[in-house]
Amino acid sequence: MGMPSMMDQAFTNPMQNMMGMRNRGAERHSDVVNRQTQVAQANTQYKQAEAQIKEIQASLRDARSIAPFNGVIESVNVEVGDTVQPGQQLLVYSETSGFQVLTDVPVRLRPGLSEGMSLEVRLDGADPVIYARISRIFPVADRTQHTVHFELDLPGNTVTTVGQYAEVSVPDLSTRQNSNLVIPNSAVRKKGGLPLVFVVDAKGFTKLRVVRLGEAANAGNTVVLSGIREGDLLINNPPPGLRAGTQVMAPAESAQAPNNNQ
């Protein structure tokens, strides 16, 4: 490459100058075009490198999962070194502030609810009643369960934990509340935080029903809001080990029972 260039400079270019064969304007234009081509190629390479850098930065950003709130990790669904795909659940993360109560109620109770409304909430293991505000009511009912889902925001100073059971008092506008229906406290048993009573059917067999309790009526009695009705035969002080489906009375005795407590 060096010798041809030296020959051009020593012989070819001087001879062309002497004979008037060189076109310096065309040569300058050619040089300008070459330089512009080199600049365009350099810009293209720069943009390609910049795109690669952005792609690497996106990969690094996607490698980190940042929660939008403070909380605790409940469970991890992947192990170190596992291959994951976009949309795959990596872990279950729960917020430790701003607790909510999630509940479902029958569709017939929906007319008595509205967003911003405060309802009585009793947490499992906590005696005082808390008033929580309805923050969201789902517009579509569950077609299978025929229930409506809604959420309540607990006050900020509420001491609770994720997964804790809660009882919510919901107004029922479809029926008139009977405050005179009371049962003895000794007839109520609790399992998993749910108040239960044993009812004897017409054939003398026990059935287990979940009831919703109201305020204390008097000494030893509590108002029942739902779960049983007037005329139901209850078992007072059910013995340990009693199960649903146990025959405790003859059919005739059950049908002729004069009151709703046994």
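Numbering (the numbering used here), first residue to last: 19 to 280. Don't be surprised by glycine CBs; every beta carbon is placed ideally from N, CA and C.
Quiz item: In whole angstroms, what is the alpha-carbon distance linking Lys-225 and Gly-259?
Solution: 14 Å
Quiz item: Should the stretch 133 to 152 be called in touch with the stretch 174 to 193, which here means at least 3 C-beta pairs below 8 Å?
Solution: yes
Quiz item: In the DSSP assignment, what residue or residues form a beta bridge with Lys-225?
Solution: Val-217
Self-check item: Straight-line gap, Ala-262 to Val-188 (C-alpha atoms, nearest Å)
Solution: 28 Å
Exercise. Give a yes or no on whether the C-beta atoms belonging to Phe-156 and Leu-131 are separated by under 8 Å.
Key: no
Self-check item: Sub-8 Å separation of Val-125 and Thr-165 beta-carbons
Solution: yes
Quiz item: Going by the beta-carbon positions, is the gap between Val-241 and Glu-248 smaller than 8 Å?
Solution: no
Quiz item: Within the chosen definition, does the stretch 108 to 116 reach the stretch 80 to 88 through at least 3 CB pairs nearer than 8 Å?
Solution: yes
Practice problem: State buried or exposed for Ala-268, treating a residue as buried only when at least 16 other CB atoms are found within 10 Å of its CB. | Solution: exposed
Quiz item: Asp-302 lies in the beta strand (DSSP E); which residues open and close that run?
Solution: Only positions 19 to 280 of the chain appear in this structure, which leaves residue 302 out of reach.
Self-check item: Backbone secondary structure at Gly-245 - three-state DSSP
Solution: coil
Exercise. Could you pull out every residue in the same chain whose Cβ sits closer than 6 Å to the Cβ of Val-200, ignoring the five residues on either side in sequence?
Key: Ala-235, Asn-239, Val-241
Quiz item: When you compare only the Cα positions, how much space is there between Thr-55 and Asp-49?
Solution: 10 Å
Quiz item: When the distance is taken between beta carbons, is Arg-151 closer than 8 Å to Leu-127?
Solution: no
Quiz item: Do you know offhand how far Gly-20's Cα is from Val-57's?
Solution: Because Gly-20 sits at a pLDDT of 49, beneath the cut-off of 50, its placement in the model cannot be relied upon, and the following sentence gives the value as read from the coordinates. Whole-angstrom Cα-Cα distance: 25 Å.
Quiz item: Apart from the five residues just before and just after Thr-121, which ones in its own chain have a Cβ nearer than 6 Å to its Cβ?
Solution: Val-186
Practice problem: Output the distance between the C-alpha atoms of Arg-154 and Leu-251, rounded to the nearest integer angstrom. | Solution: 39 Å
Quiz item: Rounded to a whole number of angstroms, what is the C-alpha to C-alpha distance between Gln-280 and Gly-211?
Solution: Low confidence applies here, because Gln-280 scores a pLDDT of 46, under 50, leaving its location unreliable and the question unanswered by this model.
Quiz item: Skipping 5 residues on each side, what residues in its chain have a beta carbon closer than 8 Å to that of Leu-231?
Solution: Val-206, Pro-213, Thr-240, Val-241, Val-242, Leu-243
Quiz prompt | Residue ranges of each alpha helix (DSSP H) within the stretch 41 to 115, 4 or longer | solution = 42 to 80
Quiz item: Are Ile-246 and Val-217 close, meaning C-beta to C-beta below 8 Å?
Solution: yes
Self-check item: C-alpha distance - Asn-203 paired with Pro-146, whole-angstrom precision
Solution: 18 Å
Quiz item: Which residues mark the beginning and the end of the beta strand (DSSP E) in which Leu-127 is found?
Solution: Careful: Leu-127 lies outside any beta strand (DSSP E) and carries neither H nor E.
Practice problem: Put Ala-234 into one of helix, strand or coil per three-state DSSP. | Solution: strand
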